[in-house]
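Student: First the structure, then my questions, so here it is.
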Amino acid sequence: MPKRTDIRKILVIGSGPIVIGQGCEFDYSGTQAVRALRQVGYEVVLVNSNPATIMTDPATADVTYLEPLTPELLAQVVERERPDALLPTMGGQVGLNAAMALHAAGVLDRFGVEMIGATAETIDKAEDRDRFRAAMGNIGLAVPRSEIVTDLTGARAAAERLGFPLIIRPSFTLGGTGGSIAYNAEEFDGLVAFALDASPIHQVLLEESVLGWKEYELEVMRDGADNAIVVCTIENLDAMGVHTGDSITVAPAQTLTDREYQILRDAALAILSEIGVETGGSNVQFAVHPETGRMVVVEMNPRVSRSSALASKATGFPIAKIAALVAVGLRLDEIRNDITRETPACFEPTLDYCVVKAPRFDFVKFPGCDDTLATQMKSVGEVMAIGRTFHEALGKALRSMETGLAGLDPPEAPPAEPEELLARLRTPRADRLLVVAEGLRRGLPVEALAEASGFDPWFVDQVGQVVEVEAQAAAAGPALLEDREGLLRAKRMGLSDRRLGRLLGTSEVAVRGARRRHGIHAAFKRVDTCGGEFVAHTPYLYSTYDEQDEARPTERKKIMILGGGPNRIGQGIEFDYCCVHAAYALKEAGYETIMVNCNPETVSTDYDTSDRLYFEPLTFEDVMEIVRVERPDGVLVQYGGQTPLNLAVPLERAGVRIIGTPPDAIDRTEDRGRFAELVAKLGLLQPPNGIATSEEEAVRVAEQVGYPIVVRPSYVLGGRAMEIVFDDAGLRHYMRHAVKASPEHPVLIDHFLQEAIEVDVDCISDGETVVIGGIMEHIEEAGIHSGDSACSLPPYSLPPEVVEEIRRQTVATAREIGVVGLMNVQYAVKDGRVYTLEVNPRASRTVPFVSKATGRPLAKLGALVMVGRKLPELGVTEEVVPDHFAVKEAVFPFLRLPGADTVLGPEMKSTGEVMGLDRDFGCAVAKAQIAAGTALPTSGAVLFTVKDLDKPLTVPVARRLAELGFEILATQGTAEYLRRHGVAAEAVHKVTEGRPHVVDRITNGEVQLVVNTTSDAEDRRQSFSIRASALRLGVPYFTTVAGAREAVKGIAALQRGELTARPLQGYYAAH
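When we follow this note's numbering, the leftmost residue of the sequence shown carries the number 515, and every step to the right adds one.
If you want it as structure tokens, here you go:
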């Protein structure tokens, strides 16, 4: 069946910002789908609000809208572009919900737009819990006993009938948002109320508990001729009760018999047919009782999902691409497999290796949050590892996570008694696998550990085999380095050189040296989708300690690009964006590109982004094994964030050529003493600062630089463990509890410039010519991490002479350092003076934002100058200053992490970002806020409760809101101050002053916006309930007056009703 000719233009809706539950996997799937549709001749219109994506590059789709994914703005796009079809299945739950909103509003019918891939009826049948349960009954498949409720009264009655514990699942949410487990009636009401609020249709499924059952997922694909295949089976190590996004998972499923697999396969294909997924991919989740074998259907997603990205990377089968092609009429047997170039897409992939996915958590960023794992997803990223065996893949996955693990290291503070250890396992946490390994080291039975952890005994036994080899290695000690067979056995069990070094009481260097003496090296195998039956033409490789090597390196000029590893707070999709652009640019320049990364969610790990892909951990050991085989002409380390930068010096010492800015120049900016010399040489200003390696030295340095101070560990990304400290007591507490200072790990201390404006600058240099990429003025004042602060390009309030001085300093700094590639500088402006805070001669997280704002692809250009091209020959000699405003706003995970405080500071907490574009600054601010999920009010009451220092700044904000028709509420001290300065304000009680108090007013729906700033830890503690209530009830809040001030401009724009969707390419046409 040929492709459809009755449709010409297709609308694709993206997934918005990166949040917990919906990561960059939808950039990967959306990009793949858009390219596939354009390749077969369709015009594609894309809408998304996330600037850090490849899909929103102006060259990806024919027309690109960087706009909030609201029904109103999407309707404008539909009216303007008049697409023939809408593909709703590539943007995760957000894209699906947006498409359903357009359908419900009648927009699609009004403009004659057909939903392809999944119809509104199909989506509703899969997503509506009641209809899905009925559909399963129609085909004789069991689901857990359950009831649908829409209010608290109905929920209580259902709970009596179903009994506890109960699984609470809101409808139409992503990543289990709002989901929980209620073990008793006492906690039930609050959890259900939260779930009802989380569901966009105010509907919740109460489900009988299947906690402890085994969980499996099947990725399935169907075309319009009813050809259907299972692409991949995925087995969760964690039992039901832990969200699949937080579980360690394995592909293919390891503990199913063939008969059990066939039952699940038949059920999955029957579900696809019954729900009505005529074309495209779906994910079906099953629970199986570990003893009786009873199977129930948990849910199905009629779209590309998080697991689809994992399944695609695990098998080499491009699910999103194939789903897009079958959505426009092609059959699976008509689509060629890119990897084999012989087999059609209707061949089910066969794996002759094992894949392990491990989640990455960042609880350390959120003191006080609940770190137990349950039905609501909490991980911020993931890694994938491929090995010939489960042991090998598990070892690679653990060291890929970049949490300091070298393998199955002992857990922190392991319980002393066996019963305590088993009790700890019964509450799932991020370290549960390490606790299982510790239990095995102490001789606890496999069955007891399996029962406590919920892991299948087979997996516990596999971990036990690794622990046994570790024990043998430890017993042998350094003598193992002379035993070739023993060393090879340890490597085949997945033990890293670093882990072996610890076990043997020696070093990673010694183990590596012994391996080289014995000729023990990794071999590389190809992912071929067919278990070795056909030749793989696409070099998609993984390492294993096997005899036969399939790498077959070429003799071409080649550049290796080191990716960013797992997404985490502080290092996300922005760096993957840069790596992808480097691969594209260097390919076009005639180089063979080699990508090394271990993140299955990303575009960089798509098999056709680079010429050769190595799905490997980003450790010195693993990278050097690839270097040994490939012998690249250079390695690019400046684009993947801190992960590859940490490898720059060790790689250079090992004789590897690092392209671009030399590692020594990078060290000149990161070493505090050398940086001070650089600043002094250029005659620049820097806040007074010093270095401390002990508590007493820190106190002495603080006296010299003057409080308040900013303290942080050296060489970190994302402001890890960074704090603002106001006195000796606070500093001593920080030195004792937040960091472990030593000569090897000094603490950096800077005087904190209060009420300064922070500025970010990205520039590009070829070693001679320096061109500014973009100057961004932060909206929040200095002291808020740059990744968490909103910012504007161009600056919206800085005087022209200050902006010119910033340009001058940036160019001088780049020339002095000898930057070849990209550089980011952060400045603080106070009283008209410019202070240099830090210089980073590498790609920064703002590169995608600046590139989208200006239309200049900085990452591509940076890669080209790294290999010797000059900016003038590339046509880049002048800064692009847009005549529109681009506003970046951060997106936070607080709702997913109960107990976390929403106050912002110098340690980064955001998971993603959005962009608001408009000719008017207020409209750009409004778009950014809406895209970030902040529904700015246009009427009602605003509550102010601010610290003394902020009261003068609050007056003009409150006055402007009053002029816009808002009622002003404030706690006693703030209200009195406002009244004294001519702003009418109603005083309300603090929580400690009697009732009704501020939280009552918020809970009763009497407050539409909260502005709350705090001065110290005690102040934060007392006002925590205000912020928590606003967060829980979806009331917009600001924890800085500067953020509130600019939001007021957005509110004014919304009152004028001026938001208009405009294509990205249209903004560039002006310049």
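Note that beta-carbon positions come from the ideal geometry of N, C-alpha and C, so glycine has one too.
Whose CA, out of 1223, 1283, 1308, lies closest to the CA of residue 1267?
Tutor: Nearest option by C-alpha distance: 1223.
Student: Give me the DSSP bridge partner(s) of residue 578.
Tutor: Looking at the DSSP assignment, residue 578 forms a beta bridge with 560.
Student: So which of 1107, 918, 942, 1077 has the shortest CA-CA distance to residue 1016?
Tutor: The residue with the shortest Cα to Cα distance from residue 1016 is 918.
Student: Alpha carbon to alpha carbon, how far is residue 554 from residue 574?
Tutor: For residue 554 and residue 574, the distance between alpha carbons rounds to 14 Å.
Student: In terms of alpha-carbon separation, which member of 1115, 1552, 662, 1013 lies closest to residue 542?
Tutor: When only C-alpha atoms are compared, the closest one is 1115.
Student: How would you call residue 1243, buried or exposed, if buried means at least 16 neighbouring beta carbons within 10 angstroms?
Tutor: Flag for residue 1243 reads exposed.
Student: Does the beta-carbon distance from residue 751 to residue 904 come in below 8 Å?
Tutor: Their beta carbons are not under 8 Å apart, which means residue 751 does not touch residue 904 by this criterion.
Student: Helix, strand or coil: how does DSSP classify residue 1324 here?
Tutor: Residue state, collapsed to three classes: helix.
Student: In chain order, what residues of the same chain have a beta carbon less than 7 Å from the beta carbon of residue 1534, not counting five sequence neighbours either side?
Tutor: Contacts found: 1415, 1417, 1528.
Student: With three or more C-beta pairs closer than 8 Å as the rule, is the region 1354-1372 touching the region 1330-1343?
Tutor: Result yes; three or more Cβ-Cβ pairs closer than 8 Å.
Student: Pull up the CB-CB distance for residue 1483 and residue 1471, whole angstroms please, since I reckon it's below 8 Å.
Tutor: Actually they do not touch by this definition, with Cβ atoms about 14 Å apart.
Student: Please state the DSSP three-state secondary structure of residue 858.
Tutor: In this structure, residue 858 counts as strand in the three-state DSSP scheme.
Student: What does residue 1274 pair with, by DSSP beta-bridge criteria?
Tutor: In the DSSP output, where bridge partners are listed per residue, residue 1274 has 1290, 1340.
Student: Which of the three DSSP states is assigned to residue 1386 in this structure?
Tutor: The answer is helix: DSSP assigns residue 1386 an H, G or I state.
Student: Under a Cβ-count criterion, where at least 16 other Cβ atoms within 10 Å of its own Cβ denotes burial, should residue 652 be classed as buried or exposed?
Tutor: Residue 652 comes out exposed.
Student: What separation, rounded to the nearest whole angstrom, lies between the Cα atoms of residue 1428 and residue 954?
Tutor: Residue 1428 and residue 954: Cα-Cα distance of roughly 46 Å.
Student: In the structure shown, what three-state DSSP assignment does residue 1085 receive?
Tutor: DSSP places residue 1085 in strand when its eight states are reduced to three.
Student: Using the three-state DSSP reduction, which class does residue 1279 fall into: helix, strand or coil?
Tutor: Here residue 1279 sits in strand by DSSP.
Student: Find out if the Cβ-Cβ distance for the pair residue 695, residue 966 is shorter than 8 Å.
Tutor: Cβ atoms of residue 695 and residue 966: not closer than 8 Å.
Student: If residue 568 and residue 894 are in contact, beta carbons under 8 Å, what's the gap, nearest whole angstrom?
Tutor: At roughly 20 Å, the Cβ-Cβ gap does not stay under 8 Å, so residue 568 and residue 894 are not in contact.
Student: From which residue to which residue does the alpha helix (DSSP H) around residue 1506 run?
Tutor: That residue, residue 1506, is in no alpha helix (DSSP H); it is neither H nor E in DSSP.
Student: Where does the unbroken beta strand (DSSP E) through residue 1075 begin, and where does it stop?
Tutor: Run containing residue 1075: 1072-1076, per the beta strand (DSSP E) assignment.
Student: Give me the Cβ distance between residue 684 and residue 712, rounded to the nearest whole Å; I'm assuming they're in contact under 8 Å.
Tutor: Going by Cβ atoms, the distance from residue 684 to residue 712 rounds to 5 Å, so yes, they are a contact pair.
Student: When the Cα atoms are used, what is the spatial distance from residue 1410 to residue 1553?
Tutor: Those two C-alpha atoms are separated by around 19 Å.
Student: So that I know if they touch, is there some Cβ in chain B lying closer than 8 Å to that of residue 727?
Tutor: No chain B appears in this structure, which consists of one protein chain only.
Student: Indicate the three-state DSSP secondary structure (helix, strand or coil) for residue 733 in the structure shown.
Tutor: Residue state, collapsed to three classes: strand.
Student: Beta-carbon separation of residue 479 and residue 604 under 8 Å?
Tutor: The structure shown does not extend to residue 479, since the chain is modelled only from 515 through 1585, so no value can be given for it.
Student: According to DSSP, simplified to helix, strand and coil, what is residue 1437?
Tutor: Three-state result, residue 1437: helix.
Student: Check the C-beta distance from residue 1521 over to residue 1549 and give it rounded, since I have them as a contact under 8 Å.
Tutor: About 6 Å; that satisfies the 8 Å criterion.
Student: Tell me which same chain residues have a C-beta within less than 8 Å of the C-beta of residue 611, skipping the five on either side of it?
Tutor: Once the five neighbours on either side are set aside, the close Cβ partners of residue 611 are 686, 714.
Student: Got a sec? Which residues, its chain only, sit under 8 Å from residue 552 by beta carbon, not counting five neighbours each side?
Tutor: Excluding positions up to five away in sequence, the list reads 558, 575, 576.
Student: Shortest alpha-carbon distance to residue 650 belongs to which of 588, 789, 538?
Tutor: Out of 588, 789, 538, 789 has the C-alpha closest to the C-alpha of residue 650.
Student: Which stretch, first to last residue, makes up the alpha helix (DSSP H) that contains residue 1364?
Tutor: Unbroken alpha helix (DSSP H) run through residue 1364: 1361-1368.
Student: Count the other CB atoms within 10 Å of the CB of residue 1398; is the residue buried (16 or more) or exposed (fewer)?
Tutor: Flag for residue 1398 reads buried.
Student: Could you check the C-alpha separation between residue 1170 and residue 1146 for me, to the nearest Å?
Tutor: Between residue 1170 and residue 1146, the C-alpha separation is close to 8 Å.
Student: In this structure, how does DSSP classify residue 757 when only helix, strand and coil are distinguished?
Tutor: If DSSP states are grouped into helix, strand and coil, residue 757 belongs with coil.
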